[in-house]
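Q:
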Amino acid sequence: MARSALLNVMVQAALKAGKSLSRDFGEVQNLQVSVKGPGDFVSQADLKAQKIIRDELMKARPTYGFLGEEGDEIKGTDGAHRWIVDPLDGTTNFLHGIPLFAVSVALERNGEIVAGVTFNPATDELYTSERGGGAFLNDRRLRVASRRVLSDSVIGCGIPNLGRGSHGKFLVELRHAMGEAAGIRSLGSAALDLAYVAAGRFDGFWETGLSPWDVAAGILFVREAGGFVSDFDGGTDMLNTGEIICGNEHIQKALAEVVKRPIPTK
Ligand code: IPD
Ligand code: CA
Ligand code: CA
Ligand code: CA
């Protein structure tokens, strides 16, 4: 698997941030944590990881824009390119000692995601992709699962946290999905949920209320692994709508139909 120079820059940044996260994960009880809102935390580990990635990426491509979850946005003099970065996806897992979290870095060119890297330092799993070149987990090329019906499928979902106003809507989606799929799972990291779909571990995944940094790299992985991704209207404006429904062509279609069903009357 040959990586471009640009993808290598992204991989090096993600690995370096991953090292910092691994160290902090080892002494998570000593980290300073602030509360952004109900059920929404940010720690020193998130901030350190973002600084590492931002410095690495901006050193390599000083004219590109930068959008990261923890602020310090850069508009960039190059109007075409923008880095989209989640330095620690799954902060709540991380702070609870649950090894399901990841660094996620994507590159957007003229509004399209063209490269992505997601790295879980706790499991040493590195997902990479460049548009047109396939998606990989470490050195293994990925392919979405081939199951055709929901009743054979394991479906991932994102459960809205305390501060979200979408609990009722999610429970309706979940109820419909539970009635059709073989099993439902939730990892607590949207970046990993999408990587799991690309790797064929999950047959599909849906979530709403997401931010561009949660999903930018993962959307590319799923597509490059032969899968389909849409928002709830069937469009592909996921970075703006924050909605995701994905899987292979059969599961994506079936899941889209199921999670959009109206509230049952009885
Ligand atoms: C969160 C995770 C979670 C998703 C939330 C995200 P964070 O990101 O991806 O799975 O359900 O919507 O905000 O805050 O841990 O980077
Ligand atoms: Ca966060
Ligand atoms: Ca996130
Ligand atoms: Ca984050």
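Heads up: the sequence shown begins at 3 in the numbering used here, then just goes up one per residue. By construction, the Cβ of each residue, glycine as well, lies at the ideal position given by its N, Cα and C atoms.
Let's see if you can read the secondary structure: which residues bound the alpha helix (DSSP H) around R25?
A: Looking up residue 25 in the sequence shown gives position 23. First-last of the alpha helix (DSSP H) with R25: A7 to G28.
Q: Near ligand 3, which residues have their beta-carbon closer than 5 Å to a heavy atom?
A: That query returns the following residues: D88, D91 and D216.
Q: Any contact between the stretch 178-192 and the stretch 69-83? By contact I mean 3 or more CB pairs, one from each, below 8 Å.
A: No, because fewer than three Cβ pairs between the stretch 178-192 and the stretch 69-83 fall closer than 8 Å, the two stretches do not touch.
Q: For T238, which option in G135, A179, G113 and E182 has the closest C-alpha, if you only look at C-alpha atoms?
A: Position 236 of the sequence shown, counting from 1, holds the residue named residue 238. That would be G113, whose Cα lies nearest to the Cα of T238.
Q: For N95, collect the residues of the same chain with a Cβ closer than 7 Å to its Cβ; drop the 5 residues on either side in sequence, then sort them by chain order.
A: Against the sequence shown, residue 95 aligns to sequence position 93. L102, F103, G190 and S191, listed in sequence order.
Q: Going by beta-carbon coordinates alone, are L9 and T130 separated by less than 8 Å?
A: For this step, residue 9 is matched to residue 7 along the sequence shown. For this step, residue 130 is matched to residue 128 along the sequence shown. Against a cut-off of 8 Å, the Cβ pair of T130 and L9 comes out as a contact.
Q: Check whether the stretch 166-177 and the stretch 44-51 touch, using three or more Cβ-Cβ pairs below 8 Å as the test.
A: Cβ pair count under 8 Å is below three, so no.
Q: Leaving out the 5 sequence neighbours to the left and right, which residues in its chain are closer than 6 Å to G136 when beta-carbon positions are compared?
A: Locating residue 136 in the sequence shown gives position 134, counting from the first residue. Excluding residues within five positions, the ones whose Cβ falls inside 6 Å are R143 and E226.
Q: Give the DSSP-derived three-state secondary structure of Y66 in the structure shown.
A: Reading the sequence shown from its first residue, position 64 is the one you call residue 66. Note: Y66 maps to coil in three-state DSSP.
Q: So for K38, helix, strand or coil by DSSP?
A: Sequence index remark: in the sequence shown, residue 38 carries index 36 (1-based). Three-state result, K38: strand.
Q: Is P214 helix, strand or coil by DSSP?
A: Start at 1 with the first residue of the sequence shown, and residue 214 comes out as number 212. Here P214 sits in helix by DSSP.
Q: For T130, name the three-state secondary structure that DSSP assigns.
A: Taking the first residue of the sequence shown as 1, we reach residue 130 at position 128. Here T130 sits in strand by DSSP.
Q: Indicate the three-state DSSP secondary structure (helix, strand or coil) for G165 in the structure shown.
A: Within the sequence shown, numbered from 1, the residue matching residue 165 stands at position 163. If DSSP states are grouped into helix, strand and coil, G165 belongs with coil.
Q: CA-CA distance, Q254 and C248?
A: Locating residue 254 in the sequence shown gives position 252, counting from the first residue. Locating residue 248 in the sequence shown gives position 246, counting from the first residue. Each residue's Cα considered, the two are about 5 Å apart.
Q: Do the CB positions of A19 and I55 come within less than 8 Å of each other?
A: Locating residue 19 in the sequence shown gives position 17, where the first residue counts as 1. Locating residue 55 in the sequence shown gives position 53, where the first residue counts as 1. Contact flag set, yes.
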